[in-house]
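According to the numbering used here, the stretch in the sequence shown is residues 46 to 548, in order.
A short worksheet on the structure shown next.
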Amino acid sequence: MTQEQVSSPEIGEHEVELFQLLIGGKSTDALSGNTFDTVNPYTGRVWAKASDGGPEDVDAAVTAARAAFEGEWGALTGFERSVLMRRLGDLVAVNAERLARLEVNDSGKLFREMVGQMRAMGGWYHYYAGLADKLEGRSIPTPNPDYLVYTTRVPVGVVAAITPWNSPLLLLTWKLAPALAAGCTMVVKPSEHSPISTVVFASLLGEAGFPDGVLNVVTSLRGEVGAALAGHPGVDAVAFTGATSTGRSVASSAAKNLNRVTLELGGKSPHIVFEDADLRAVANGVVSGVFAATGQTCMAGSRLIVHENVHDELVRLVSERASTLRLGDPQDPATEMGPIANKPQYDKVLGYLRTAVEEGAHVACGGGPDDELGGYFVRPTVLTGVDPGSTVVREEIFGPVLSVYTFTEESEAVRLANDTPFGLAGGVWTKDVHRAHRVAGQIRAGNVWINDYRVVAPSVPFGGFGDSGIGRENGIGAVDEYLENRAVWVQLSGRTRDPFVMG
Ligand code: NAD
């Protein structure tokens, strides 16, 4: 691959492009006129600028979304929405490489992962296009034969979406695709650390033929603009992905307006590895769970709970692979691990590594910054001898750090796995089919993989128990998050009845 191919084709080396807000189908500056820089975490250089929207831009975006909802978009049938969504899915596939490069520039995630993610992402629009024309109500019997009762399913209205920096477009898509199928409109505020791909993606809706205002984007440097959107009196539902602490505040803003909310939050997900497991497959799964995406994934399998008889061998295999991972330029398809996405996150990961050692953990490999590469590179780290009550086991690190501890009995493994406030995901590794399902059925998490890790699909619900969130994205049920049910009563007898008694 030549240098020309690995650098972003849209952004020249010395030219920094400004990406504006998208409101009502028009690219526009923030009302304040302010902008902010976005830094490529690999090069450390500013590679783009975004408009720095404020609460007044949120107002305008919500107004535009409301106008589309009550106007042209709201008048479309599910069949018509479905056609547009299929076109959007096709356009996503055509633009996959371009969108992936924007995300890599913003977040430092690997091109090899993001291009695959972008190619698969069109499938989410196709999947939900298949639901848009199948939103059926029901005819419901009642004890009184004088009535015909049926339900219709109607879109909830304007949705506020707030997304994190680690997979901005996929995590937006998990909200937008079912919301469009339901007939909603949306205002999205992407993360200040990775705002650009969302702006470019939103322009594809216009290209696909969506009416103006169906998706509006307010980029902003300030978290409080997210808060202004989450608590805006003009929105009808809130869909958030991000940290648990932010999720609590988003939920309380939504509650003030009595709005429904979906929250996809953090995790501290366990792998449980039994003695009979194929340890090479486990090592591969563990690497994919905690070092892929530099560990910056909500479903990171960051706790390795391993039977004491295979602990040493598994730690050897994982450490061997971890210490030979190819760190480097995320745009290079041969790279296996990129940098941490931004300075605050880099500092946070290093802080956790110091705490782990202070609390008695042994560093089996990695353990600090990559001195050769510099920048925000942290070496993939395996911590052993970790106390299950220690900070690195209790808290989400969101970096390439694996904490290993042991068990002897199955019940102990389940207890350790569930000893966390989170409940997003988990892995069970064993060749015993009885034990595999028995244990999977006891893990309190929204997603459990048996003999694999980190697999998702549009058709499979994703979300968490406990501090990992509320509601589910993906799957047929996700569309219900964006629909209201209306019951219609039809009087059949034509008689009048006693007005002082409820019918
Ligand atoms: P974050 O909570 O800091 O930010 C997420 C978004 O919320 C950003 O757009 C941010 O600007 C905005 N925001 C900040 N303060 C806000 C406020 N008071 N009100 C409303 N919005 C506000 O999270 P992050 O650091 O961008 O992302 C990492 C976190 O996201 C991790 O905890 C990770 O586990 C979680 N995550 C969860 C999933 C999932 O599906 N469960 C997926 C990816 C990431």
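Note that CB positions come from ideal geometry on N, CA and C, so glycine has one too.
Where the beta strand (DSSP E) through Trp92 begins and ends: Bounds of the beta strand (DSSP E) holding Trp92 are 91–96.
Taking a contact to mean a Cβ-Cβ separation below 8 angstroms, would you say Leu469 touches Ser513 in this structure? Result yes, Cβ atoms of Leu469 and Ser513 sit closer than 8 angstroms.
Give the straight-line distance between the Cα atoms of Pro235 and Ala272, rounded to the nearest whole angstrom. If I take the Cα positions, the gap works out to 12 angstroms.
Start-end ranges of the alpha helix (DSSP H) lying completely within the region 249–319, minimum 4 residues: With a minimum length of 4 residues, the continuous alpha helix (DSSP H) runs that stay inside the region 249–319 are 268–275, 289–301.
Tell me whether Phe156 sits in a helix, a strand or coil according to DSSP, three-state version. Per DSSP, reduced to three states, the secondary structure at Phe156 is helical.
Beta-carbon within less than 8 angstroms of Arg183's beta-carbon, same chain only, minus the 5 sequence neighbours each way: which residues are those? So the qualifying residues of the chain are Tyr195, Thr196.
Assuming Asp619 contacts Ser239 (C-beta within less than 8 angstroms), just tell me the rounded distance between them. In the structure displayed, the chain extends from 46 to 548; residue 619 sits before or after that span and is not available.
With burial defined as no fewer than 16 other Cβ atoms inside 10 Å of the residue's Cβ, what is the status of Asp416: buried or exposed? Result: exposed.
Return helix, strand or coil for Asn492, following the three-state DSSP convention. Asn492 falls in the strand class under three-state DSSP.
Taking all protein chains shown into account, do 16 or more other C-beta atoms lie within 10 angstroms of the C-beta of Met46, making it buried, or fewer, making it exposed? A caution first: Met46 carries a pLDDT of 29, below 50, which makes its placement in the model unreliable, though a value can still be read off. Met46 counts as exposed, since fewer than 16 other C-beta atoms from the protein chains shown sit within 10 angstroms of its C-beta.
Just verifying my parser: in three-state terms, what is the DSSP assignment at Thr380? In this structure, DSSP gives Thr380 a state outside helix and strand, which the three-state scheme calls coil.
Within its chain, find whatever has a CB closer than 8 angstroms to the CB of Arg267; leave out the 5 residues flanking it on each side and keep chain order. If we look at Arg267 and ignore the five residues flanking it on each side, its Cβ neighbours are Asp97, Gly99, Glu237.
Tell me the rounded alpha-carbon separation between Ile68 and Gln487. Distance between the alpha carbons of Ile68 and Gln487 is about 46 angstroms.
Using only the alpha-carbon positions, how far apart do Gln48 and Pro375 sit? Confidence is the limiting factor: at Gln48 the pLDDT is only 31, short of 50, which leaves the residue's position unreliable, though a coordinate-based value still follows. Going by the C-alpha atoms only, they are around 12 angstroms apart.
Rounding to the nearest angstrom, what Cα-Cα distance links Ser333 and Val423 in this structure? Distance between the alpha carbons of Ser333 and Val423 is about 16 angstroms.
Closer than 8 angstroms by C-beta to Ser538: which residues in its own chain qualify, once you throw out the five before and the five after it? Chain order, please. Excluding sequence neighbours, Ser538 sits near Asp191.
Under a Cβ-count criterion, where at least 16 other Cβ atoms within 10 Å of its own Cβ denotes burial, should Ile350 be classed as buried or exposed? Flag for Ile350 reads buried.
Heavy atom of the ligand NAD less than 7 angstroms from the Cβ of Leu216, yes or no? Yes, Cβ of Leu216 sits closer than 7 angstroms to a heavy atom of the ligand NAD.
So, with DSSP's three-state summary, where would you put Asn581? In the structure displayed, the chain extends from 46 to 548; residue 581 sits before or after that span and is not available.
Would you decide whether Pro186 is buried or exposed? Buried here means 16 or more other CB atoms lie within 10 Å of its CB. Looking at its Cβ environment, which holds fewer than 16 other Cβ atoms inside 10 Å, Pro186 is exposed.
Sorry if obvious, but does the Cβ on Leu310 come closer than 7 angstroms to a heavy atom of the ligand NAD? Correct: Leu310 has its Cβ closer than 7 angstroms to the ligand NAD.
Could you have a look at Tyr195 and say whether DSSP puts it in helix, strand or coil? When secondary structure is reduced to three states using DSSP, Tyr195 falls in the strand class.
If you count every other CB in all the chains shown that lies within 10 Å of the CB of Gln162, and 16 or more means buried, which is it? The residue in question, Gln162, is buried, as its Cβ has 16 or more Cβ neighbours within 10 Å.
Counting only the same chain and skipping the five closest in sequence on each side, list residues whose C-beta sits under 6 angstroms from that of Val535. Around Val535: Leu193.
Could you compute how far the alpha carbon of Gly383 sits from the alpha carbon of Gly116? Annotation: Gly383 to Gly116 spans about 45 angstroms, alpha carbon to alpha carbon.
By DSSP, does Gln487 sit in helix, in strand, or in coil? DSSP places Gln487 in the coil class of the three-state scheme, outside both helix and strand.
Considering Gly471, what are the terminal residues of the beta strand (DSSP E) in which it resides? Gly471 -> beta strand (DSSP E) spans 470–474.
Let me know the secondary structure DSSP gives Glu62 once reduced to three states. Looking at Glu62 - three-state DSSP - the assignment turns out to be strand.
Any idea what DSSP makes of Leu67, helix, strand or coil? In the three-state reduction of the DSSP assignment, Leu67 falls in the strand class, which pools E and B.
Should Ser297 be labelled buried (16 or more other beta-carbon atoms within 10 Å of its own) or exposed? Exposed: under 16 other Cβ atoms inside 10 Å.
Would you call the region 508–524 and the region 354–371 in contact, with 3 or more CB pairs under 8 angstroms? By the Cβ rule, the region 508–524 does not count as touching the region 354–371, because fewer than three pairs are nearer than 8 angstroms.
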